[in-house]
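As structure tokens, the structure follows; a few thoughts come after it.
Number of protein chains: 2
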Amino acid sequence: AIPEPTLKRLPYYYKFIQGQREARRDFVSCTTLAEALGLNPIQVRKDLQATGAVGRPKVGYHVETTLDAIEECLGYHNTQDIFLVGAGHLGQALLAYPGFAEIGFNLVAAFDADPAKVGREVAGKPILEASRLSDLVRRMHIQIAILAVPAAAAQMVTDTLVRAGIRAIWNFTPTRLAVPREVLVQDENLLASLSVLSKQLENSRVK
Amino acid sequence: AIPEPTLKRLPYYYKFIQGQREARRDFVSCTTLAEALGLNPIQVRKDLQATGAVGRPKVGYHVETTLDAIEECLGYHNTQDIFLVGAGHLGQALLAYPGFAEIGFNLVAAFDADPAKVGREVAGKPILEASRLSDLVRRMHIQIAILAVPAAAAQMVTDTLVRAGIRAIWNFTPTRLAVPREVLVQDENLLASLSVLSKQLENSRVK
Ligand SMILES: NC(=O)c1ccc[n+]([C@@H]2O[C@H](COP(=O)([O-])OP(=O)(O)OC[C@H]3O[C@@H](n4cnc5c(N)ncnc54)[C@H](O)[C@@H]3O)[C@@H](O)[C@H]2O)c1
Ligand SMILES: NC(=O)c1ccc[n+]([C@@H]2O[C@H](COP(=O)([O-])OP(=O)(O)OC[C@H]3O[C@@H](n4cnc5c(N)ncnc54)[C@H](O)[C@@H]3O)[C@@H](O)[C@H]2O)c1
Numbered sequence: 136a137i138p139e140p141t142l143k144r145l146p147y148y149y150k151f152i153q154g155q156r157e158a159r160r161d162f163v164s165c166t167t168l169a170e171a172l173g174l175n176p177i178q179v180r181k182d183l184q185a186t187g188a189v190g191r192p193k194v195g196y197h198v199e200t201t202l203d204a205i206e207e208c209l210g211y212h213n214t215q216d217i218f219l220v221g222a223g224h225l226g227q228a229l230l231a232y233p234g235f236a237e238i239g240f241n242l243v244a245a246f247d248a249d250p251a252k253v254g255r256e257v258a259g260k261p262i263l264e265a266s267r268l269s270d271l272v273r274r275m276h277i278q279i280a281i282l283a284v285p286a287a288a289a290q291m292v293t294d295t296l297v298r299a300g301i302r303a304i305w306n307f308t309p310t311r312l313a314v315p316r317e318v319l320v321q322d323e324n325l326l327a328s329l330s331v332l333s334k335q336l337e338n339s340r341v342k
Numbered sequence: 136a137i138p139e140p141t142l143k144r145l146p147y148y149y150k151f152i153q154g155q156r157e158a159r160r161d162f163v164s165c166t167t168l169a170e171a172l173g174l175n176p177i178q179v180r181k182d183l184q185a186t187g188a189v190g191r192p193k194v195g196y197h198v199e200t201t202l203d204a205i206e207e208c209l210g211y212h213n214t215q216d217i218f219l220v221g222a223g224h225l226g227q228a229l230l231a232y233p234g235f236a237e238i239g240f241n242l243v244a245a246f247d248a249d250p251a252k253v254g255r256e257v258a259g260k261p262i263l264e265a266s267r268l269s270d271l272v273r274r275m276h277i278q279i280a281i282l283a284v285p286a287a288a289a290q291m292v293t294d295t296l297v298r299a300g301i302r303a304i305w306n307f308t309p310t311r312l313a314v315p316r317e318v319l320v321q322d323e324n325l326l327a328s329l330s331v332l333s334k335q336l337e338n339s340r341v342k
């Protein structure tokens with residue numbers, strides 16, 4: 136399996152190499168990539184090799200086949216249907232974002248407990264009644280759910296998702312979710328992230 | 136300076152210990168914290184010690200003073216004015232979120248290039264004309280800006296912020312920003328994060 140730090144860098148290579156394709160270039164070198172992204176060229180070479188892409192000495196990596204290798208690696212080729220739970224401020228921003236479809240994720244529907252939201256649509260996606268979540272996860276074999284409910288509802292909704300067979304949760308709530316070992320959780324704690332940035336800023340000033 | 140992995144865990148300790156305060160408990164042990172958060176008690180002890188909090192053998196950490204130590208450490212005591220650039224779907228969700236104020240960040244105003252948005256308010260915060268950004272960053276000595284503009288505008292807005300004296304950028308765009316060494320950037324690449332989760336799910340199935 137590909138190490139996580141490499142996986143996190145691949146979308147940046149992908150975006151840059153797409154720019155090379157638009158500029159009608161056929162090859163791109165590790166040095167060009169490294170300079171553009173402020174990375175070490177040896178790290179770039181290692182990352183690209185991890186995707187199976189092959190570079191030619193003095194010529195570089197073929198733009199089309201490298202884009203293909205990265206797409207394969209990040210699963211951009213297979214579309215995944217995913218659900219969103221909690222169609223509030225953050226949930227609606229995620230529903231309206233075209234970027235997820237571009238990388239193979241089809242945000243099929245949102246679920247909410249607020250009757251005033253149920254029955255509406257955001258960016259063409261329906262907001263359904265929260266009570267239908269469990270049945271639809273099961274029937275549609277949904278693997279990934281995005282959690283954007285208030286912290287107080289987070290664990291309860293998680294338990295419903297896990298019972299219905301969810302395999303991974305992308306968690307935007309500040310709550311640490313208790314899940315069985317076979318369920319993956321990726322926390323996106325935005326408050327922690329801002330605090331860390333601010334603290335690093337404070338540390339950098341002290342020097 | 137406190138290591139970043141520790142800083143990222145502190146908000147979870149903070150939230151759990153707040154719950155202890157609401158349950159009128161005076162002390163909390165590392166074991167209780169570790170069990171609640173699925174962490175190793177030795178790691179918890181090391182993290183709390185890094186904040187300056189002192190535990191008493193067999194009794195644990197005093198709830199009030201430990202909350203205070205974590206607040207001090209994460210800078211929750213000093214309010215920091217920050218700007219948001221790009222009042223679109225994501226920007227408006229961030230403006231409407233009360234969580235930032237709770238940890239000492241005052242999202243003062245948003246800036247946008249779309250005349251239809253300028254002059255409106257979201258959650259009581261004004262959306263101002265993008266051309267005023269540079270002057271107001273300078274006059275209000277703003278240190279941190281949140282970037283939520285389209286990828287195509289990201290570098291241009293960043294250059295404006297840097298010239299005006301910004302010290303740190305919280306970047307939600309998928310663009311890698313080129314900034315001078317003394318400016319901090321924290322990337323929040325949500326697309327990469329979802330791709331990584333999906334790839335890890337794929338890896339876990341193969342086993
Ligand atoms: N908005 C942000 O910028 C932001 C930033 C960081 C973290 N978060 C976190 O993301 C989550 C959502 O934040 P928000 O600002 O969108 O909040 P919000 O209150 O605007 O939206 C929450 C939505 O969840 C729905 N909901 C509540 N209980 C539910 C349940 N049991 N089942 C289904 N839906 C339910 C509500 O009806 C509401 O529509 C919160 O946990 C918050 O801490 C948000
Ligand atoms: N919405 C999401 O869930 C989401 C998820 C991941 C990443 N992102 C990233 O966050 C950014 C914002 O996404 P969004 O969905 O809110 O887009 P959006 O189009 O809804 O909002 C962008 C806003 O930026 C404004 N803008 C454009 N150029 C500007 C400039 N030069 N100065 C000031 N304002 C300017 C636009 O008028 C608009 O209001 C994008 O880079 C996107 O890739 C968004």
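Line order of the protein sequences matches chains G and Y.
For what it's worth, my numbering labels the leading residue of the first sequence as 136, then goes sequentially.
For what it's worth, my numbering labels the leading residue of the second sequence as 136, then goes sequentially.
Glycine included, C-beta positions come from ideal geometry on N, C-alpha and C.
Review point. When the distance is taken between beta carbons, is TYR211 (chain Y) closer than 9 Å to SER339 (chain G)?
Key: no
Check your understanding: Would you say the beta carbon of HIS224 (chain Y) comes nearer than 8 Å to a heavy atom of ligand 1?
Key -> no
Point to revise | Spatial distance of THR308 (chain G) from ASN324 (chain G) (CA atoms) | key: Those two C-alpha atoms are separated by around 7 Å.
Review point. By DSSP, does GLU100 (chain Y) sit in helix, in strand, or in coil?
Key: This structure leaves residue 100 (chain Y) out entirely; chain Y is present only between 136 and 342.
Point to revise | Simplified DSSP assignment, three categories, for ARG298 (chain G) | key: In the structure shown, ARG298 (chain G) sits in a helix (DSSP, three-state: H, G or I).
Check your understanding: Cβ of THR310 (chain G) within 8 Å of any heavy atom in ligand 1?
Key -> Short note on THR310 (chain G): C-beta closer than 8 Å to some heavy atom of ligand 1.
Review point. Does GLY173 (chain G) have its Cβ less than 9 Å from a Cβ in chain Y?
Key: Chain Y, which has a Cβ nearer than 9 Å to the Cβ of GLY173 (chain G), makes this yes.
Practice item. Taking the CB atoms as reference points, tell me whether GLU188 (chain G) and HIS197 (chain G) lie closer together than 9 Å. Key: The sequence shown places Ala at residue 188 (chain G), rather than the Glu named in the question. Yes, Cβ-Cβ distance for ALA188 (chain G) and HIS197 (chain G) is below 9 Å.
Exercise for review: Give a yes or no on whether the minimum CB-CB distance between ILE177 (chain Y) and chain G is below 9 Å.
Suggested key: no
Check your understanding: Helix, strand or coil: which one does DSSP assign to GLU157 (chain G)?
Key -> helix
Practice item. Could you tell me if the beta carbon of GLY300 (chain G) falls within a distance shorter than 8 Å of some heavy atom in ligand 1? Key: Flag unset: Cβ of GLY300 (chain G) not near ligand 1.
Point to revise | Closest residue to ILE344 (chain G) among G:SER266, G:GLU317, G:ILE262, G:PRO261 (Cα-Cα distance) | key: Not covered by the structure: residue 344 (chain G). The range shown for chain G is 136 to 342.
**Study point:** Residue-chain proximity (ILE279 (chain G), chain Y), Cβ-Cβ < 9 Å
**Key:** yes
Point to revise | Beta bridge counterpart(s) of VAL320 (chain Y) as assigned by DSSP | key: Y:ILE304
Check your understanding: Is ILE137 (chain Y) close to chain G, meaning its C-beta is less than 9 Å from at least one C-beta of that chain?
Key -> yes
**Study point:** Best match in Y:LYS252, Y:ILE217, Y:THR167 for proximity to LEU271 (chain Y) [C-alpha to C-alpha]
**Key:** Y:ILE217
Review point. Hey, quick one: how far does the beta strand (DSSP E) through GLY226 (chain G) stretch, first residue to last?
Key: Note, GLY226 (chain G): premise wrong, no beta strand (DSSP E); alpha helix (DSSP H) at 224-230.
Point to revise | DSSP three-state assignment for TYR196 (chain G), whether helix, strand or coil | key: In the structure shown, TYR196 (chain G) falls within a strand segment according to DSSP collapsed to helix, strand and coil.
Check your understanding: What separation, rounded to the nearest whole angstrom, lies between the Cα atoms of TYR149 (chain Y) and ILE205 (chain Y)?
Key -> Going from the Cα of TYR149 (chain Y) to the Cα of ILE205 (chain Y) covers about 7 Å.
Point to revise | chain Y contact residues for GLU337 (chain G), given Cβ-Cβ distances below 8 Å | key: GLY210
**Study point:** Residues sharing a beta bridge with GLU256 (chain Y), DSSP
**Key:** Beta-bridge pairing links GLU256 (chain Y) to Y:PRO261.
Practice item. Check whether the Cβ of GLN155 (chain Y) lies closer than 9 Å to any Cβ atom in chain G. Key: no
Review point. Beta carbon of ALA245 (chain G), beta carbon of LEU219 (chain G): below 9 Å?
Key: yes
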